[in-house]
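First the structure, in the form of structure tokens, and then the observations on it.
This is the structure we're talking about:
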């Protein structure tokens, strides 16, 4: 009996190792003509581009074509930029213009390359207690309706790009979460905030991609899309090798060139059409 | 740096202590008697139960959080209480995590002098409740360190409380979820400073506990 168990255990472990091996690296079936000298590119990005599935969809094509391996770390924009400042990334893909400009002006980034955009949407419960569906043209109007009716609103509160965009829309009227019961500062990622909004029947500002990819589990719908103050621009910035050590600048340049090239453009334009009936990201044409 | 948001930090420390205190107390009230029973009595299926408890000791906090979340979610079996994203439900999740630890440790502590205590109880023809009291009082110093272990697990836990508590500012944010948030924001120094505060709190609680047990000895 004990022997049998031991054999079973050993087999399970072997299987686990084999499974791990299959996932790691770019595998033996990819044989690019010229393997780059420094094949690992470290990309620090926000949760919205990674968790919506865009990067897992795009990057295999890049890796296959060039022989590079891209290691993606995703976090809120604040942390994504901080990781690059600490020298732990070769390029960043984020969506907060002011922070990006600071990053470049402080010498950590070479150049801000606006890359693609989509729209933030306001989601809320189907009964729409603040009356946004018929009564608001843009996000600022919707927010003032939410504040007037004291409808529950979930704020990211984590200094992510989405949180900064939300604060910008509130302008001078950012509610005080200590005093206002309806304004909930959740301090969590987009997915967790959407779940909380769904539980509490609350409103939330979200990027469209994350909402659509989680929609099935949520008791929420889009109450406002595409207001003039809801554009969400993503930029690529390569880290400055003169300021930071160990930057794979060739890799970063290659990835940016590929992402802004024709093949990636075609892929991005198609992304989401099949599943959600509309593109999730739009390319910025120069 | 820490002084700049004094009020909020104090509030977060308050929530943290409240949550840890209640989850420690409740899980000790449930777990210690059960732990004594695991040692002092013999009954059918005891080995199986011990195995289950030992397995539950390894329950990943996120899984405990997920289970409690699914129980209390809007359309879940206990959803009608509307308790999701409150300190109370965080305590529930913590108890699920800590009680098995308390049971197992208590049973371990009691098994050291279990035989002689059982003989004493037999000799004095103690009933079940008196036997239980004998076990608990004779092992109180070791049990206070069980209690501290429970408190330590509770105060340091992040996975479960962030799922069921939601890390809401002024309401369910505790030290660990605040540290996670600051790390996600990229404020690594501030996150570290909060971590040091957490350690200081743990240290203070330890000192307090050792003072209390020493007083008990005298």
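Protein chains in written order, with the numbering used here: chain A, 39 to 324; chain B, 13 to 230.
For each residue, glycine too, the CB sits at the ideal point set by N, CA and C.
If you count every other CB in all the chains shown that lies within 10 Å of the CB of residue i, and 16 or more means buried, which is it?
| i | result |
| --- | --- |
| residue 137 (chain B) | exposed |
| residue 266 (chain A) | exposed |
| residue 196 (chain A) | buried |
| residue 73 (chain B) | buried |
| residue 219 (chain A) | exposed |
| residue 275 (chain A) | buried |
| residue 310 (chain A) | buried |
| residue 175 (chain B) | buried |
| residue 270 (chain A) | buried |
| residue 272 (chain A) | buried |
| residue 304 (chain A) | exposed |
| residue 69 (chain A) | Because the pLDDT at residue 69 (chain A) is just 49, under 50, the model does not fix this residue reliably, and the value given afterwards should be weighed accordingly. It is exposed - the Cβ of residue 69 (chain A) has fewer than 16 other Cβ atoms within 10 Å. |
| residue 208 (chain B) | exposed |
Taking 8 Å as the cut-off, decide whether the C-beta atoms of residue i and residue j are in contact.
| i | j | result |
| --- | --- | --- |
| residue 97 (chain B) | residue 234 (chain A) | yes |
| residue 110 (chain B) | residue 222 (chain B) | no |
| residue 186 (chain B) | residue 28 (chain B) | yes |
| residue 128 (chain A) | residue 79 (chain A) | yes |
| residue 185 (chain A) | residue 170 (chain A) | no |
| residue 177 (chain B) | residue 189 (chain B) | yes |
| residue 44 (chain B) | residue 124 (chain B) | no |
| residue 181 (chain B) | residue 317 (chain A) | no |
| residue 111 (chain A) | residue 82 (chain A) | yes |
| residue 120 (chain A) | residue 198 (chain B) | yes |
| residue 283 (chain A) | residue 158 (chain A) | no |
| residue 106 (chain B) | residue 50 (chain B) | no |
| residue 192 (chain A) | residue 240 (chain A) | yes |
| residue 35 (chain B) | residue 166 (chain B) | yes |
| residue 225 (chain A) | residue 179 (chain B) | yes |
| residue 118 (chain A) | residue 132 (chain A) | yes |
| residue 247 (chain A) | residue 86 (chain A) | yes |
| residue 198 (chain A) | residue 140 (chain A) | no |
| residue 249 (chain A) | residue 148 (chain A) | no |
Per DSSP, residue i is paired with what?
| i | result |
| --- | --- |
| residue 276 (chain A) | A:129 |
| residue 106 (chain B) | DSSP output for residue 106 (chain B) lists no bridge partner at all. |
| residue 80 (chain A) | A:109 |
| residue 147 (chain A) | A:277 |
| residue 245 (chain A) | A:158 |
| residue 259 (chain A) | A:162 |
| residue 94 (chain A) | Paired residues: none, contrary to the question. |
| residue 308 (chain A) | Answer by DSSP bridge pairing: none, since residue 308 (chain A) is not bridged. |
| residue 269 (chain A) | A:157 |
| residue 320 (chain A) | A:155 |
| residue 221 (chain A) | A:191 |
Just the C-alpha distance for residue i and residue j, rounded to the nearest angstrom, thanks.
| i | j | result |
| --- | --- | --- |
| residue 155 (chain B) | residue 76 (chain B) | 25 Å |
| residue 217 (chain B) | residue 59 (chain B) | 35 Å |
| residue 211 (chain B) | residue 150 (chain A) | 41 Å |
| residue 146 (chain B) | residue 120 (chain B) | 16 Å |
| residue 191 (chain B) | residue 202 (chain B) | 8 Å |
| residue 161 (chain B) | residue 207 (chain A) | 47 Å |
| residue 150 (chain B) | residue 133 (chain B) | 12 Å |
| residue 183 (chain B) | residue 178 (chain A) | 27 Å |
| residue 259 (chain A) | residue 19 (chain B) | 37 Å |
| residue 77 (chain A) | residue 89 (chain A) | 24 Å |
| residue 220 (chain B) | residue 164 (chain B) | 14 Å |
| residue 164 (chain A) | residue 261 (chain A) | 8 Å |
| residue 142 (chain A) | residue 130 (chain A) | 11 Å |
| residue 211 (chain A) | residue 227 (chain A) | 23 Å |
| residue 146 (chain A) | residue 103 (chain B) | 44 Å |
| residue 205 (chain B) | residue 196 (chain B) | 15 Å |
| residue 42 (chain B) | residue 87 (chain B) | 29 Å |
By Cβ distance, which residues of its chain are closer than 6 Å to residue i, with the 5 residues on each side in sequence left out?
| i | result |
| --- | --- |
| residue 319 (chain A) | 154, 156, 306 |
| residue 69 (chain B) | 112, 113, 116 |
| residue 168 (chain A) | 183, 184, 187, 189 |
| residue 108 (chain A) | 79, 81, 97 |
| residue 108 (chain B) | 76 |
Can you list, in chain order, the residues of its chain with a C-beta nearer than 7 Å to that of residue i? Leave out the 5 residues immediately preceding and following it.
| i | result |
| --- | --- |
| residue 158 (chain B) | 114, 117, 118, 121 |
| residue 83 (chain B) | 89, 90 |
| residue 251 (chain A) | 90, 91 |
| residue 221 (chain A) | 191, 193, 213, 215 |
| residue 143 (chain B) | 52, 133 |
Grab me the residues of residue i's own chain with a C-beta within less than 8 Å of its C-beta, minus the 5 sequence neighbours each way, in chain order.
| i | result |
| --- | --- |
| residue 106 (chain A) | 74, 77, 78, 79, 100, 289, 292, 293 |
| residue 322 (chain A) | 152, 153, 154, 155, 271 |
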